[in-house]
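**Student:** Just dropping this structure here.
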Amino acid sequence: MSYDALSKYPNTEIAEIELRIAGELNPGPWIEHSINTGLAAKYIASKCDNLDPEKAYILGVLHDIGRRVGIVSQRHIIEGYNYCMGKGWEEAARICMTHSFMVQNVKADVGEWDVSDDDYAFINQYIETITYDDYDRLMQLCDSLATANGFCLLEKRFVDVHRRYGVNEYTIARWNAVFDIKEFFENKMGCSVYEVLPNVKETSFIDVPLWKAPPK
Ligand SMILES: [Fe+2]
């Protein structure tokens, strides 16, 4: 176990407790999606020499923690960042910001910008100036591999997301960016990401009703 008191993210137990509390505050499929994002990150990190699987799991579990405040869109990014920074978890806070921007441009994401002008400017500046590391890339990939039901083909998740939120002029660039990240990790792993994620075939073929946030 690599966690120590100086780590800029919580340990596994605290991360899971935080997610459980968040699920009580704002129940929804995002809780299982968060766990599965963490598991995907752990399984992939286990095959990469330079990554810590436990850290990958924790960062995955917390990437959407900003949703603890309720049903929000892009606001979850800044809420998660502020919440984690308030706890001293700088690396978890960073993932809350970077996980949605595989294309390093805030205009590329399709979500609604339900944030203040100041928060938008802060996110914009943060994303424009950061240099992504392998944990940023790993969460961007795993967010796209994990549903509430398990792990699935990227293509399946892409369609699911865009049926819910629509598309924009950056959609193909975002898909291509995720495929590039997948290839990046597969080169490190020496195998397909799908080889380390259980039940991809089964999960990809599950037909579940499309989940949408209830109207406000
Ligand atoms: Fe997510």
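When you read off a place in the sequence shown, starting at 1, and then add 223, the result is the number in this note's numbering. Glycine included, every Cβ here is placed at the ideal spot set by N, Cα and C.
Round the Cβ separation of Ile404 and Gln363 to the nearest angstrom and send it over; I've been treating them as touching at under 8 angstroms.
**Tutor:** Position 181 of the sequence shown holds residue 404. Position 140 of the sequence shown holds residue 363. About 6 angstroms separates the two Cβ atoms, so the contact holds.
**Student:** Cβ of Ile350 within 9 angstroms of Cβ of Thr321?
**Tutor:** Here residue 350 refers to the residue found at position 127 of the sequence shown. Here residue 321 refers to the residue found at position 98 of the sequence shown. Cβ distance < 9 angstroms, so Ile350 and Thr321 count as in contact.
**Student:** Go through its chain and collect everything with a Cβ distance to Arg290's Cβ below 7 angstroms, but skip five positions before and after it.
**Tutor:** Indexing the sequence shown from 1 puts residue 290 at position 67. Within the same chain, Arg290 has close Cβ partners Ala245, Asn249, Trp253 and His299.
**Student:** For Glu314 and Ser427, I'd like the C-alpha separation in whole angstroms.
**Tutor:** By 1-based counting over the sequence shown, the position of residue 314 is 91. By 1-based counting over the sequence shown, the position of residue 427 is 204. Near 31 angstroms, if we compare the C-alpha coordinates of Ser427 and Glu314.
**Student:** Does DSSP put Gly283 in a helix, in a strand, or in coil?
**Tutor:** Walking along the sequence shown from the start, residue 283 turns up at place 60. It is helical.
**Student:** Report back the beta-carbon spacing between Val419 and Ile267 to the nearest angstrom; my notes put them in contact at under 8 angstroms.
**Tutor:** As a working note, residue 419 is residue 196 in the sequence shown. As a working note, residue 267 is residue 44 in the sequence shown. Yes, Val419 and Ile267 are in contact; Cβ-Cβ is about 6 angstroms, under 8 angstroms.
**Student:** Put Phe345 into one of helix, strand or coil per three-state DSSP.
**Tutor:** Working through the sequence shown from its first residue, we reach residue 345 at position 122. If DSSP states are grouped into helix, strand and coil, Phe345 belongs with the helices.
**Student:** Count the other C-beta atoms from every protein chain shown that fall within 10 angstroms of the C-beta of Ser225, then say buried if there are 16 or more, exposed otherwise.
**Tutor:** Within the sequence shown, residue 225 is the residue found at index 2, counting from 1. Any reading at Ser225 is ruled out, since the residue's pLDDT is 48, under 50, leaving its predicted position unreliable.
**Student:** If Ala331 and Phe324 are in contact, beta carbons under 8 angstroms, what's the gap, nearest whole angstrom?
**Tutor:** Here residue 331 refers to the residue found at position 108 of the sequence shown. Here residue 324 refers to the residue found at position 101 of the sequence shown. Contact flag correct, Cβ pair sits at about 7 angstroms.
**Student:** Nearest chain B C-beta to Phe324 closer than 9 angstroms, yes or no?
**Tutor:** Absent from the structure: chain B. Only one protein chain is present.
**Student:** State the Cα-Cα distance for the pair Lys424 and Asp341, rounded to the nearest angstrom.
**Tutor:** Mapped onto the sequence shown, residue 424 falls at position 201. Mapped onto the sequence shown, residue 341 falls at position 118. So the alpha carbons of these two residues sit roughly 43 angstroms apart.
**Student:** For Pro421, count neighbouring Cβ atoms within 10 angstroms of its own Cβ and tell me buried if that reaches 16, exposed if not.
**Tutor:** Taking the first residue of the sequence shown as 1, we reach residue 421 at position 198. When all chains shown are included, Pro421 counts as exposed.
**Student:** Nearest-angstrom Cα distance between Cys375 and Ala264?
**Tutor:** Locating residue 375 in the sequence shown gives position 152, counting from the first residue. Locating residue 264 in the sequence shown gives position 41, counting from the first residue. Answer to the nearest angstrom: the Cα atoms are 14 angstroms apart.
**Student:** Please work out which residues of its chain come closer than 7 angstroms, Cβ to Cβ, to Ser296, disregarding the five sequence neighbours upstream and downstream, and give them in chain order.
**Tutor:** Within the sequence shown, residue 296 is the residue found at index 73, counting from 1. For Ser296, where only same-chain residues beyond five positions count, the Cβ hits under 7 angstroms are Gly334, Glu335 and Asp337.
**Student:** Applying the 10 Å Cβ sphere with the 16-neighbour rule, what's the burial state of Ile281?
**Tutor:** Position 58 of the sequence shown holds residue 281. Buried, by the Cβ-count rule.
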